[in-house]
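Note sheet for the following structure.
In the working numbering, the protein residues as written are 2 to 302.
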């Protein structure tokens, strides 16, 4: 044989249409009975038999009034089909060695969780800024419960950031000189963010108000017959026009009450492994025995 032939599918592969190469690897530990599925390899996306069936969660090429964030994004996931794809031996990393499937998957996911929690920080900062701006436009920036909600957004964001910094500082170096962030702190960071993301969305939606999902779209503002009413009746505090306020609402809708917003909520639950997977890793990696020994030391005669 000159290589292997792969047949099957991967349920979701993020950004694959923009890649030059696809890297395939196991996503869990395997038993001997799984040997046929214990494969890892890298192939060009133009490889014959490779099919990328895409789903777009953003609004590329739309307009910046209605979709101020996602009109410039191209968030694409695919169902990736391998229809008898030939992979030459020099591109194969694993072929039937099922014992290595678990270690390979775990090694990958620890780096993936670190980057995942890291790239969510800009989204968190967008939430904070949007919450503060719409609170000011709505005239409620000094209301106690609104300030509390913004404080919570800040606390969730900076706790995640602090955990990531600590994970970086407490790294270990493995051959051939690769720095690996703290597994425990990385998983706590990812768990903390994912566990609280839906609450962050709720805080932002609460501060914004119902106009978040009922505000008219751009074409209504371009219509001379309706624009005057909208600017007059949908204005915010003194000095904030209806258009200013609605544009802020549209940004919040784009990130927290749209298909893209729902996509981000699902990502926080399922991407980079579930919350349960992170809890298992934290319990497995943390030195609980050291803490038990501390307690026992106080119980000695």
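All residues carry an ideal CB built from backbone N, CA and C; glycine is no exception.
Item to check | Sub-8 Å separation of residue 131 and residue 206 beta-carbons | outcome: Between residue 131 and residue 206, the gap from beta carbon to beta carbon reaches 8 Å or more.
Next on the checklist: For residue 59 and residue 223, what's the separation of their Cα atoms in angstroms?
Outcome noted: Distance between the alpha carbons of residue 59 and residue 223: 24 Å.
Checklist entry - Taking the alpha-carbon positions, what's the residue 87 to residue 40 distance? => result Rounded to the nearest angstrom, the two C-alpha atoms are 13 Å apart.
Item to check | Neighbour-count burial assignment, residue 125, 16 or more Cβ in a 10 Å radius | outcome: Buried is the label assigned to residue 125, since at least 16 other Cβ atoms lie within 10 Å of its Cβ.
Checklist entry - Looking at C-alpha atoms only, which residue of 302, 239, 110, 93 is the closest neighbour of residue 183? => result When C-alpha distances from residue 183 are compared across 302, 239, 110, 93, the shortest belongs to 110.
Item to check | Best match in 275, 30, 208, 227 for proximity to residue 106 [C-alpha to C-alpha] | outcome: Nearest C-alpha to residue 106: 30.
Item to check | the region 263 to 278 in contact with the region 192 to 212 per 3-pair CB rule at 8 Å | outcome: Flag = yes, the region 263 to 278 and the region 192 to 212 touch.
Next on the checklist: Nearest by alpha-carbon distance to residue 37: which of 19, 74, 100, 57 is it?
Outcome noted: Among 19, 74, 100, 57, the Cα nearest to that of residue 37 belongs to 100.
Next on the checklist: Going by C-alpha to C-alpha distance, which of 147, 191, 246 sits closest to residue 218?
Outcome noted: Among 147, 191, 246, the Cα nearest to that of residue 218 belongs to 246.
Checklist entry - Which residue from 269, 235, 17 puts its Cα closest to that of residue 190? => result Per the Cα distances, 269.
Checklist entry - Taking contact to mean at least 3 C-beta pairs separated by less than 8 Å, is the region 90 to 104 in contact with the region 166 to 177? => result The region 90 to 104 is not in contact with the region 166 to 177.
Checklist entry - Under 8 Å between the Cβ atoms of residue 66 and residue 248? => result Yes; because the gap between Cβ atoms is below 8 Å, this pair is in contact.
Checklist entry - What first and last residue would you give for the alpha helix (DSSP H) that runs through residue 220? => result First-last of the alpha helix (DSSP H) with residue 220: 219 to 223.
Checklist entry - Is the number of C-beta pairs between the region 71 to 88 and the region 226 to 241 that are closer than 8 Å three or more? => result No, the region 71 to 88 is not in contact with the region 226 to 241.
Checklist entry - Looking at C-beta atoms only, is the number of pairs between the region 44 to 52 and the region 5 to 24 that lie closer than 8 Å three or more? => result Judged by Cβ distances under 8 Å, the region 44 to 52 makes contact with the region 5 to 24, as three or more pairs qualify.
Checklist entry - If you run the structure through DSSP and keep just helix, strand and coil, what is residue 22? => result Of the three classes helix, strand and coil, the one that applies to residue 22 here is strand, per DSSP.
Checklist entry - On the premise that residue 7 lies in contact with residue 83, defined as a C-beta separation below 8 Å, what is that separation, rounded to the nearest angstrom? => result Contact flag correct, Cβ pair sits at about 4 Å.
Item to check | C-beta atoms of residue 116 and residue 17 nearer than 8 Å | outcome: Between residue 116 and residue 17, the C-beta spacing is not below 8 Å.
Checklist entry - What distance in whole Å lies between the Cβ atoms of residue 243 and residue 233, which are believed to be in contact at a cut-off of 8 Å? => result Contact flag correct, Cβ pair sits at about 7 Å.
Checklist entry - Within this structure, are the beta carbons of residue 204 and residue 153 separated by less than 8 Å? => result One thing to note: residue 204 has its Cβ within 8 Å of the Cβ of residue 153.
Next on the checklist: So, with DSSP's three-state summary, where would you put residue 1?
Outcome noted: It is not possible to answer for residue 1, since the shown part of the chain is limited to 2 through 302.
Next on the checklist: My output table needs one value for residue 196: the three-state DSSP class, helix, strand or coil.
Outcome noted: Residue 196 falls in the helix class under three-state DSSP.
Checklist entry - For the candidate residues 121, 181, 288, whose alpha-carbon lies nearest to that of residue 159? => result Selected option, being the one with the closest Cα: 121.
Checklist entry - In or out: residue 43 buried (at least 16 other Cβ within 10 Å) or exposed? => result Exposed, since its Cβ has fewer than 16 Cβ neighbours within 10 Å.
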